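Asks:
Residue numbers (the working numbering): 259 to 598.
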């Protein structure tokens with residue numbers, strides 16, 4: 259029988275065993291389990307489970323229904339009941355490919371364009387510039403912080419929970435990267451910083467100069483007005499408010515769209531999928547199915563770029579010597595090793 263007590267025991271068990279590494283995941287599981295607990299009134303038989311499936315289908319899309327059934331099956335597997343009422347339902351239910359395609363089109367429509375990113379950054383920076391030299395030093399820090407968060411999110415595409423979960427000690431200036439520990443799959447991943455180290459140093463100087471006297475050793479990279487670690491909710495609100503002020507925010511667009519923008523930009527600029535996967539902390543499969551928003555023009559451009567490279571012949575990745583060089587010199591370098 260499902261109760262609030264065993265729901266919390268289940269969630270605590272998953273967190274202690276590092277199955278759940280994100281508070282967002284915990285909140286999602288709790289919401290799905292308590293909704294079923296309320297619906298079932300303690301009757302966990304197959305008939306009630308079937309009625310609940312009908313209810314879920316009437317109010318949710320197939321992807322949400324599928325994930326809810328999986329959560330409920332996992333919970334009853336953990337309870338160890340003789341007959342799991344969601345075992346067959348979870349296995350047999352299929353998501354709608356048509357519905358998934360429609361949702362992907364909707365996501366495509368909400369992804370930020372390069373021009374919109376530039377507008378958002380310029381607007382955030384104008385807030386900082388307006389406070390420069392005034393007595394409102396903490397407000398200046400908050401404005402600078404908001405601009406720098408948008409900058410990092412658009413440059414690197416980390417999740418906002420991962421960004422605000424970063425400590426100063428997670429940044430390795432000497433080796434030019436920072437580590438994101440709060441990832442969805444629980445695995446830390448590196449974010450190279452070489453091109454933006456000066457921007458990072460400037461933010462750190464503002465943080466230390468203005469907030470240093472109230473943080474009491476707080477290691478968080480991003481701080482609230484009172485010197486505490488900035489929460490992901492507060493960070494989203496700050497960025498969404500800036501976007502709304504210039505007409506770039508609506509119900510279907512969130513800070514997570516900056517992650518979609520960066521993944522698409524990386525790929526369009528020619529970064530290999532496996533490298534995108536590493537520096538964004540996401541699997542290649544999820545990258546392709548969720549984060550890449552490519553037009554037909556993008557596909558044609560990438561194909562033509564590949565064709566140009568193919569026709570140009572092989573170039574050694576170490577020394578730069580290529581087949582075109584060999585044709586010009588007439589020198590037959592028989593020991594040129596082609597690495598594929």
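Cβ coordinates follow ideal geometry from the N, Cα and C atoms, glycine included.
In this text the structure is predicted, and so the values were computed from the model without any measurement.
When you compare only the Cα positions, how much space is there between residue 385 and residue 410?
Replies: In a straight line, the C-alpha of residue 385 is about 17 Å away from that of residue 410.
Asks: What does a CB cutoff of less than 6 Å around residue 351 pick up in its chain, not counting 5 residues either side in sequence?
Replies: Excluding residues within five positions, the ones whose Cβ falls inside 6 Å are 324 and 327.
Asks: Less than 8 Å between the CB atoms is what I'm expecting for residue 524 and residue 464, so what's the real figure, rounded?
Replies: Actually they do not touch by this definition, with Cβ atoms about 28 Å apart.
Asks: Give the straight-line distance between the Cα atoms of residue 498 and residue 460, rounded to the nearest whole angstrom.
Replies: Residue 498 and residue 460: Cα-Cα distance of roughly 24 Å.
Asks: Enumerated in chain order, which unbroken segments of the alpha helix (DSSP H) with a length of 4 residues or greater are wholly contained in the stretch 397 to 452?
Replies: Runs found: 418 to 422.
Asks: Under 8 Å, with one C-beta from each stretch per pair, do the stretch 417 to 429 and the stretch 487 to 494 reach the 3-pair mark?
Replies: Contact holds: three or more Cβ-Cβ distances are below 8 Å.
Asks: Assuming the contact rule is C-beta atoms closer than 8 Å, residue 512 and residue 495 should be a hit. Round their C-beta distance to whole Å, please.
Replies: The pair is not a contact, with the Cβ atoms about 11 Å apart (cut-off 8 Å).
Asks: Can you say whether residue 538 is buried or exposed, counting buried as having 16 or more other CB atoms within 10 angstroms of its CB?
Replies: Burial call: buried.
Asks: Let me know the secondary structure DSSP gives residue 487 once reduced to three states.
Replies: Of the three classes helix, strand and coil, the one that applies to residue 487 here is strand, per DSSP.
Asks: Under a Cβ-count criterion, where at least 16 other Cβ atoms within 10 Å of its own Cβ denotes burial, should residue 452 be classed as buried or exposed?
Replies: Per the 10 Å Cβ criterion, exposed.
Asks: According to the Cβ coordinates, are residue 448 and residue 435 closer than 8 Å?
Replies: Yes, these two residues count as a Cβ contact at 8 Å.
Asks: Name the one or two DSSP bridge partners that residue 481 has.
Replies: Its beta-bridge partners are 487.
Asks: Going by alpha carbons, who is nearest to residue 308 out of 479, 505, 269 and 348?
Replies: Residue 308 has its Cα closest to that of 348, out of 479, 505, 269 and 348.
Asks: When the distance is taken between beta carbons, is residue 369 closer than 8 Å to residue 515?
Replies: Yes.
Asks: Taking 8 Å as the threshold (C-beta atoms), are residue 280 and residue 419 in contact?
Replies: Their beta carbons are under 8 Å apart, which means residue 419 touches residue 280 by this criterion.
Asks: Taking 8 Å as the threshold (C-beta atoms), are residue 321 and residue 400 in contact?
Replies: No; because the gap between Cβ atoms is not below 8 Å, this pair is not in contact.
Asks: Looking at the unbroken alpha helix (DSSP H) that takes in residue 281, where does it start and where does it end?
Replies: Here the alpha helix (DSSP H) through residue 281 covers 281 to 298.
Asks: Kindly give me the distance between the Cβ atoms of residue 397 and residue 389, rounded to whole angstroms, as I take these residues to be in contact under 8 Å.
Replies: At roughly 6 Å, the Cβ-Cβ gap stays under 8 Å, so residue 397 and residue 389 are in contact.
Asks: Terminal residues of the continuous alpha helix (DSSP H) containing residue 468?
Replies: Looking at the DSSP string, the run of the alpha helix (DSSP H) that includes residue 468 is 455 to 469.
Asks: Quick one, are the C-beta atoms of residue 378 and residue 531 less than 8 Å apart?
Replies: No. Outside cutoff.
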